[in-house]
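Participant: There's a structure below that I have some questions on.
Protein chains in written order, with the working numbering: chain R, 1437 to 1630; chain P, 404 to 805.
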């Protein structure tokens, strides 16, 4: 992951945030992300985010579970260790269905949770830069990436015109990292240098 | 004031009348079988009438159920096309009356040797005599009258309340809360009828020696999913006529989700009933599946599973297919036909054994009921505006995102 320079703007009202998001998207500057203390309805649409393919991943995990369960049980009961249970055929498909169903659900559920965590870069023990401590309290935070150092002042001025109550420029790690002390230290040093 | 009126097109009316006449012709033709003296022809005459009248009564009563469920859960999504379930629900009495005539004819009209309901005269059968405290003519008649009476009353009442709300003072929620209370009352009634006693008496008692404790749930799932498909067909029809302009793909997506989810729910219950009986392998229970699965009904047994499980789960799984008018209409018709076959498999094997038919009489009677449905529901729909102008959830339903 890369350390980059970001312009941060805070808003205290949804009614200001939505027009600001529109202006930011039309401005041509690079939008990094928007952080809100709660799920804001319609923000994904305003940001122009496409629907994720998480459900397709879920389908693949589910099919894997189905195949695992059916294949494994069929192999055990027909090849490996055939036992006659109450006169039922060795390949007793109806009796396999509940377990197949459970494994399908479990594979799909666990797989989708992990995929979801990966896509959102959240996981126990990993860290991400917090742009503003109040982004999980009462402020909506728009973060712009400053791609051209010359345009820094320009972007901050632009963000102020969109109704931001607070603006800031930060150098930060873009992605996630394991919260180990040496990385943490290096990161803090970089922040102080800036 | 928003107005949106539906006028019954002459083509729909003609279609309805033609289908109804086909049904009447099939019924008249069926009399020949009844009078022929052949035991199985007589059984066929009554069982087909029983299957169709009960099926169409159940799927129309599902409309009252979804109104009550959405009403109690404060669901805004249904309000855009709520006039459709209201119109179907307000006509439950028509199908109720037909079903009552058929059921009472079978129980009281046929003599000593009843081809459909063997429990009417146990003839010394110990099992049936043991069940006679519950399974007798008086209980059957009482439960049937109470069930059909209550469903009819609630169906008419729900529509009347909704219409009264249209002309009530603006921002008055008095009628809305009355509807919530009535929804709760109806769900209680429905739980004690559709989800327990009614399918026992009308369908399960055909195979009077056999019983299954989740049979009523399974019948409910069957009728509910077809009921949602029926609502979808009417909604799309009105939409095609240029009415219901607020209904869009978001609302179709909801109905599609109901059809998808409850097809799987139906399969779950169907399989739960089947697997326990298959696994336990007790002769008195397996007779029910012996004739259906390995006997003369094997084709319908598997067709039932393919139409009602394999097709819905594969076709309706993706989001775009639930938002496509063609796919949802195609699947709605498949589901209604599939569950008609499901009811066929429930009712026919008992009285007819291997002497089953599926030709002019069976399909003709079904056509008659479809014609009746088209005529009565379109007539009710045309009576009032199609928008619930005063419903507190009107705005929510307009901006609804599925």
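C-beta: ideal position from N, C-alpha, C; glycine also.
1. Determine the contact status of residue 433 of chain P and residue 764 of chain P, defining contact as a CB-CB distance below 8 Å.
2. Where in the stretch 485 to 528 of chain P do unbroken runs of the alpha helix (DSSP H), each at least 4 residues long, occur, reported from the N-terminal end onward?
3. Would you say residue 619 of chain P and residue 603 of chain P are within 8 Å of each other, going by their C-beta atoms?
4. Kindly give me the distance between the Cβ atoms of residue 554 of chain P and residue 685 of chain P, rounded to whole angstroms, as I take these residues to be in contact under 8 Å.
5. Under 8 Å between the Cβ atoms of residue 425 of chain P and residue 767 of chain P?
6. Could you name the residues of the stretch 511 to 526 of chain P whose beta carbon sits closer than 9 Å to any beta carbon of chain R, in the order they occur along the chain?
7. So the beta strand (DSSP E) residue 806 of chain P belongs to, where does it begin and stop?
8. What number of angstroms, rounded off, separates the C-alpha of residue 786 of chain P from the C-alpha of residue 409 of chain P?
9. Does the stretch 649 to 666 of chain P come close enough to the stretch 628 to 640 of chain P to have 3 or more Cβ pairs within less than 8 Å?
10. Counting only the same chain and skipping the five closest in sequence on each side, list residues whose C-beta sits under 8 Å from that of residue 720 of chain P.
11. Measure the alpha-carbon distance for residue 513 of chain P versus residue 710 of chain P and round it to whole angstroms.
12. Who are the neighbours of residue 684 of chain P on chain R, taking C-beta pairs under 9 Å?
13. What residue range does the alpha helix (DSSP H) around residue 457 of chain P cover?
14. Whose Cβ in chain R lies nearer than 7 Å to the Cβ of residue 681 of chain P?
15. Pull up the distance between the alpha-carbon of residue 548 of chain P and that of residue 733 of chain P, whole angstroms please.
16. Determine, for residue 678 of chain P, whether the minimum Cβ-Cβ distance to residues of chain R falls below 8 Å.
17. Would you say the beta carbon of residue 1587 of chain R is closer than 7 Å to some non-hydrogen atom of the ligand ADP?
18. By the DSSP assignment, the beta strand (DSSP E) with residue 1450 of chain R in it spans what residues?
19. Should residue 610 of chain P go down as buried or exposed, given a rule of 16 or more other Cβ atoms within 10 Å for buried?
20. What in chain P is Cβ-close to residue 1535 of chain R, meaning under 8 Å?
21. Determine the DSSP secondary structure at residue 1485 of chain R, reduced to helix, strand or coil.
22. Let me make sure I understand the geometry here. Which of R:1585, R:1600, R:1517, R:1499 has the alpha-carbon closest to that of residue 1541 of chain R?
23. Can you pull the chain R residues whose beta carbon is under 7 Å from the beta carbon of residue 674 of chain P, in chain order?
24. Going by other Cβ atoms of all chains shown within 10 Å of its Cβ, with 16 needed for buried, is residue 731 of chain P buried or exposed?
25. Measuring straight from C-alpha to C-alpha, what distance separates residue 668 of chain P and residue 582 of chain P?
26. Quick check: what's the CA-CA separation for residue 1438 of chain R versus residue 1610 of chain R?
27. Name the one or two DSSP bridge partners that residue 1446 of chain R has.
28. Could you round the C-beta distance between residue 518 of chain P and residue 445 of chain P to whole angstroms and report it? I think they count as a contact, below 8 Å.
29. Among P:607, P:498, P:484, P:586, which has the Cα closest to the Cα of residue 642 of chain P?
30. So, using beta-carbon positions, are residue 781 of chain P and residue 422 of chain P closer together than 8 Å?
31. Tell me the DSSP bridge mates of residue 1439 of chain R?
32. Among P:601, P:682, P:725, which one has its Cα closest to the Cα of residue 1520 of chain R?
33. What number of angstroms, rounded off, separates the C-alpha of residue 630 of chain P from the C-alpha of residue 1568 of chain R?
34. Out of R:1544, R:1464, R:1454, R:1501, point me to the one whose CA is closest to residue 1587 of chain R's CA.
35. Alpha carbons only, please: which of R:1446, R:1612, R:1601, R:1589 is nearest the one belonging to residue 1555 of chain R?
Facilitator: In short:
1. The residue you call residue 433 of chain P lines up with position 30 of the second chain. The residue you call residue 764 of chain P lines up with position 361 of the second chain. By the CB criterion at 8 Å, residue 433 of chain P and residue 764 of chain P fall inside the cutoff.
2. Listed in chain order, the complete alpha helix (DSSP H) runs (minimum 4 residues) inside the stretch 485 to 528 of chain P are 486 to 493, 495 to 507.
3. Looking up residue 619 of chain P in the second chain gives position 216. Looking up residue 603 of chain P in the second chain gives position 200. A contact, by the Cβ cut-off of 8 Å.
4. Numbered from its first residue, the second chain carries residue 554 of chain P at position 151. Numbered from its first residue, the second chain carries residue 685 of chain P at position 282. About 35 Å separates the two Cβ atoms, so there is no contact after all.
5. Looking up residue 425 of chain P in the second chain gives position 22. Looking up residue 767 of chain P in the second chain gives position 364. At a Cβ-Cβ threshold of 8 Å, residue 425 of chain P and residue 767 of chain P count as neighbours.
6. Of all residues in the stretch 511 to 526 of chain P, none is placed with a Cβ closer than 9 Å to any Cβ belonging to chain R.
7. No answer is possible for residue 806 of chain P: the residues shown for chain P start at 404 and end at 805.
8. Stepping through the second chain from its first residue, residue 786 of chain P is reached at position 383. Stepping through the second chain from its first residue, residue 409 of chain P is reached at position 6. Answer to the nearest angstrom: the Cα atoms are 8 Å apart.
9. Per the Cβ contact rule, the stretch 649 to 666 of chain P is in contact with the stretch 628 to 640 of chain P (3 or more Cβ pairs under 8 Å).
10. Here residue 720 of chain P is taken as the residue at index 317 of the second chain, counted from 1. Contacts found: 663.
11. Taking the first residue of the second chain as 1, we reach residue 513 of chain P at position 110. Taking the first residue of the second chain as 1, we reach residue 710 of chain P at position 307. If you draw a straight line from the Cα of residue 513 of chain P to the Cα of residue 710 of chain P, it is about 35 Å long.
12. The residue labelled residue 684 of chain P in the question sits at position 281 within the second chain. The answer, in chain order, is 1522, 1523, 1524.
13. Position 54 of the second chain, counting from 1, holds the residue named residue 457 of chain P. Element bounds for residue 457 of chain P: 442 to 475.
14. Position 278 of the second chain, counted from the start, is the residue given in the question as residue 681 of chain P. Under a criterion of Cβ atoms nearer than 7 Å, the residues of chain R adjacent to residue 681 of chain P are, in order, 1530.
15. Numbered from its first residue, the second chain carries residue 548 of chain P at position 145. Numbered from its first residue, the second chain carries residue 733 of chain P at position 330. The alpha-carbon atoms of residue 548 of chain P and residue 733 of chain P are separated by roughly 36 Å.
16. The sequence position of residue 678 of chain P within the second chain is 275, counting from 1. At a cut-off of 8 Å between beta-carbon atoms, residue 678 of chain P makes contact with chain R.
17. Within the structure as shown, the ligand ADP is missing, as the structure has no ligands at all.
18. Looking up residue 1450 of chain R in the first chain gives position 14. Run containing residue 1450 of chain R: none in the beta strand (DSSP E); it sits in the alpha helix (DSSP H), 1450 to 1463.
19. Counting from 1 along the second chain, the entry for residue 610 of chain P is found at position 207. With 16 or more Cβ atoms within 10 Å of its Cβ, residue 610 of chain P is classed as buried.
20. Taking the first residue of the first chain as 1, we reach residue 1535 of chain R at position 99. Result: empty, since nearest Cβ-Cβ is about 12 Å, beyond 8 Å.
21. Within the first chain, the letter at position 49 stands for residue 1485 of chain R. Note: residue 1485 of chain R maps to coil in three-state DSSP.
22. In the first chain, residue 1541 of chain R corresponds to position 105, counting from 1. In this structure, R:1499 is the residue among R:1585, R:1600, R:1517, R:1499 with its C-alpha nearest to the C-alpha of residue 1541 of chain R.
23. The residue given as residue 674 of chain P occupies position 271 in the second chain. Taking the beta carbon of residue 674 of chain P as reference, the chain R residues within 7 Å of it are 1533, listed in sequence order.
24. For the purposes of this step, residue 731 of chain P is identified with residue 328 of the second chain, where counting begins at 1. When all chains shown are included, residue 731 of chain P counts as buried.
25. Walking along the second chain from the start, residue 668 of chain P turns up at place 265. Walking along the second chain from the start, residue 582 of chain P turns up at place 179. The alpha-carbon atoms of residue 668 of chain P and residue 582 of chain P are separated by roughly 28 Å.
26. Translated into the one-based positions of the first chain, residue 1438 of chain R becomes position 2. Translated into the one-based positions of the first chain, residue 1610 of chain R becomes position 174. Straight-line spacing of the CA atoms in residue 1438 of chain R and residue 1610 of chain R works out to 6 Å.
27. Within the first chain, residue 1446 of chain R is the residue found at index 10, counting from 1. According to DSSP, residue 1446 of chain R shares a beta bridge with R:1577, R:1602.
28. Locating residue 518 of chain P in the second chain gives position 115, where the first residue counts as 1. Locating residue 445 of chain P in the second chain gives position 42, where the first residue counts as 1. With 8 Å as the limit, residue 518 of chain P and residue 445 of chain P qualify as a contact, their Cβ atoms being about 6 Å apart.
29. Within the second chain, numbered from 1, the residue matching residue 642 of chain P stands at position 239. When each option's Cα is compared against that of residue 642 of chain P, the closest is P:484.
30. By 1-based counting over the second chain, the position of residue 781 of chain P is 378. By 1-based counting over the second chain, the position of residue 422 of chain P is 19. No; because the gap between Cβ atoms is not below 8 Å, this pair is not in contact.
31. For this step, residue 1439 of chain R is matched to residue 3 along the first chain. According to the DSSP secondary-structure assignment, residue 1439 of chain R is paired through a beta bridge with R:1609.
32. Looking up residue 1520 of chain R in the first chain gives position 84. The residue among P:601, P:682, P:725 with its C-alpha nearest the C-alpha of residue 1520 of chain R is P:682.
33. Within the second chain, numbered from 1, the residue matching residue 630 of chain P stands at position 227. Within the first chain, numbered from 1, the residue matching residue 1568 of chain R stands at position 132. Near 52 Å, if we compare the C-alpha coordinates of residue 1568 of chain R and residue 630 of chain P.
34. By one-based count along the first chain, residue 1587 of chain R stands at place 151. Of R:1544, R:1464, R:1454, R:1501, the smallest CA-CA separation from residue 1587 of chain R is found for R:1464.
35. By 1-based counting over the first chain, the position of residue 1555 of chain R is 119. Comparing Cα positions, the closest option is R:1612.
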